[in-house]
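*Asks:*
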Amino acid sequence: MQNRSASDEPLPAGLDGARVFVAGHRGLVGSAVLGELEARGAAALVTRTHAELDLTDPAAVRCFLGRERPTHIVVCAARVGGIAANMRYPAEFARTNLAIASTVIHEAWRAGVRDLVYLASSCIYPRECPQPIGEDALLAGPLEPTNRPYAVAKIAGIEMCWAYNRQYGTRYVALMPCNLFGPRDNFDLETSHVLPALLRKVHEASRQPGAVVRAWGTGRPRREFLYSADMARAVVHVAGLEPARLAALLDGDGPPLINVGSGEDITIAELLDLIRDVVGHRGPVEWDPSRPDGTPRKLLDVTRIRALGWSPRVSLREGIERCYEAFLASDWAR
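For what it's worth, this note's numbering labels the leading residue of the sequence shown as 1, then goes sequentially.
1. Between which two residues does the beta strand (DSSP E) carrying H72 extend?
2. How is the alpha helix (DSSP H) around Y89 delimited, first residue to last?
3. Over what stretch of residues does the beta strand (DSSP E) that includes F21 continue unbroken?
4. When DSSP labels each residue in this structure, what does P243 get in the three-state scheme?
5. Put L175 into one of helix, strand or coil per three-state DSSP.
6. Run through the region 157-227 for me and flag every whole beta strand (DSSP E) of 3 or more residues, listed as ranges in chain order.
7. Which class does P111 belong to by DSSP, given the choice of helix, strand or coil?
8. Check whether the region 202-209 touches the region 143-154, counting contact only when three or more Cβ pairs, one atom from each stretch, lie closer than 8 angstroms.
9. For the alpha helix (DSSP H) that L272 lies in, which residues bound it at each end?
10. Let me check understanding here. Comparing Cα to Cα, which of L272, P289, W287, D288 lies closest to S281?
11. Contact defined as beta carbons within less than 8 angstroms: I believe L180 pairs with M231. What is the distance between those atoms, to the nearest angstrom?
12. Exposed or buried, what is D253 when buried is set at 16 or more other beta-carbons lying within 10 Å of its beta-carbon?
13. Taking the straight line between their C-alpha atoms, what separation do you get for M160 and G219?
14. Taking G261 as the reference, which of E135, E52, L45, P70 has the closest Cα?
15. Does the region 236-246 touch the region 296-313, meaning 3 or more C-beta pairs lie closer than 8 angstroms?
16. What's the C-alpha gap between M1 and E321?
17. Compute the Euclidean distance between the alpha carbons of L351 and A197, then round it to the nearest angstrom.
18. Quick one: is G319 buried, meaning 16 or more other Cβ sit within 10 Å of its Cβ, or exposed?
19. By a C-beta neighbour count over all protein chains shown, 10 Å radius and 16 as the cutoff for buried, is V212 buried or exposed?
20. Since R297 sits in a beta bridge, which residues does DSSP pair it with?
21. Would DSSP call Y324 helix, strand or coil?
22. Please state whether DSSP places E68 in a helix, a strand or coil.
23. By the three-class DSSP mapping on this structure, what secondary structure does E52 have?
24. Could you give the distance in angstroms between the alpha-carbon of I275 and the alpha-carbon of G81?
25. Between G41 and D8, what straight-line distance do the alpha-carbon atoms span, to the nearest angstrom?
26. Is it true that the CB of I258 sits closer than 7 angstroms to the CB of L138?
27. Using C-beta distances below 6 angstroms, list every residue in its chain close to A333, excluding the 5 sequence neighbours before and after it, in chain order.
28. Relative to the C-alpha of N97, which candidate in A84, V75, M87 has its C-alpha closest?
29. Within a Cβ cutoff of 7 angstroms, which residues of the same chain sit near P243, ignoring the five residues on either side of it in sequence?
30. Output the distance between the C-alpha atoms of G217 and M87, rounded to the nearest integer angstrom.
31. Which same chain residues, not among the five before or five after K154, have their C-beta less than 7 angstroms away from its C-beta?
Structure, rendered in structure tokens:
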């Protein structure tokens, strides 16, 4: 349910005449990025499904890029999931994400693609670090054990962007989003992130009088959330920045990282209360402290992205309302 109507924002100057390959265009973020580019009138967009192009296959990616000749690449494709999925499939999370980063970044350079935006995650930062988390916190301490394989794979992709910029003069930038959610989210209770998982649980409980909503952990950890359409705006904004605007970031002493978030966080218990209010659930809630909480807090310092001219538009409540509307219209609600 991505809005394809004309956007009130123009296409950034840096994307004028660009040919953009959106990798992972059917996912939560990729579909939003594709919709945002279409809404702004981007004329040359390239997509492939996983069945059509395996992004972990260097030969296939090399052939594809050589044939399509994109000028810009946005890497939204990834193996993602919540705590349960990360704990159950650590090998897949490490292998797949390492392979995607290694293949796409290297083959982009081989094909002469100068501009690339790579999506990482706020879980790359240490489990315990000062809040809000600045980009310089990368590798400053131990990672959260429950998603360490995924985080290490994403860190490798960031390091590759930085390395290729230094050695080959590319303009590869890594964006670090906070917890994202939106219309094309994954609502599978075995693999989903916290917000869509709670939304589905609350929805199902609301349809059964007296049903209990059972939530993981204590409810005390704090999380920052951003609606997928706002993330898409950030991706398009950064991808379209002219080189001079990115010069300080690309020529600096650290990796080319940009945090993307709302700048505000809430506890998981507060999130659950907000979801219950949107859905209209009045039944009981039970927390299961035997389940892991994950990182205590992950609030991003968004000074850098704000200085580049981007800020979010959709409030958390409005985003949840939109997400729930999309959920009700999807197969997940049937």
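Using N, Cα and C, we set each Cβ at its ideal position, and we do this for glycine too.
*Replies:* Reading off the structure:
1. H72 -> beta strand (DSSP E) spans 72-75.
2. Counting along the chain, Y89 falls outside any alpha helix (DSSP H), and DSSP gives it neither H nor E.
3. Counting along the chain, the unbroken beta strand (DSSP E) around F21 starts and ends at 19-23.
4. The three-state secondary structure of P243, taken from DSSP, is helix.
5. Strand at L175.
6. Fully enclosed beta strand (DSSP E) runs of 3 or longer: 171-177, 179-181, 213-216, 225-227.
7. Rather than Pro, the amino acid found at residue 111 in this sequence is Ala. Residue state for A111 is assigned as coil, using DSSP reduced to three classes.
8. The answer is no - the region 143-154 does not touch the region 202-209, with fewer than three Cβ pairs under 8 angstroms.
9. Here the alpha helix (DSSP H) through L272 covers 268-279.
10. In the sequence under discussion, the amino acid at residue 281 is His, which differs from the Ser named in the question. Comparing C-alpha distances from H281 to each of L272, P289, W287, D288 shows the shortest one belongs to L272.
11. That belief holds up - the Cβ atoms of L180 and M231 are roughly 6 angstroms apart, short of 8 angstroms.
12. Flag for D253 reads exposed.
13. Taking the straight line from one Cα to the other gives about 36 angstroms.
14. Comparing alpha carbon positions, the residue from E135, E52, L45, P70 closest to G261 is E135.
15. A contact exists between the region 296-313 and the region 236-246.
16. Confidence at M1 is low in this model, with a pLDDT of 36, below 50, so its placement is unreliable and the value that follows should be read with caution. Taking the CA atoms as reference points, M1 sits about 13 angstroms from E321.
17. Because the chain is modelled from 1 through 334, residue 351 falls outside the range shown and cannot be assessed.
18. It counts as buried.
19. Here V212 is exposed. Its C-beta has fewer than 16 other C-beta atoms within 10 Å.
20. When DSSP reads this structure, R297 sits in a beta bridge with R222.
21. Y324: helix per DSSP, three-state reduction.
22. It is helical.
23. Coil, per DSSP.
24. Between I275 and G81, the C-alpha separation is close to 20 angstroms.
25. G41 and D8 have their C-alpha atoms spaced approximately 11 angstroms apart.
26. Taking 7 angstroms as the cut-off, the Cβ atoms of L138 and I258 do not count as close.
27. Excluding positions up to five away in sequence, the list reads F327.
28. That would be V75, whose Cα lies nearest to the Cα of N97.
29. Taken in chain order, the residues that qualify are R171.
30. Near 15 angstroms, if we compare the C-alpha coordinates of M87 and G217.
31. Cβ neighbours of K154 within its own chain (closer than 7 angstroms, five residues either side excluded): N97, A120, S121, I124.
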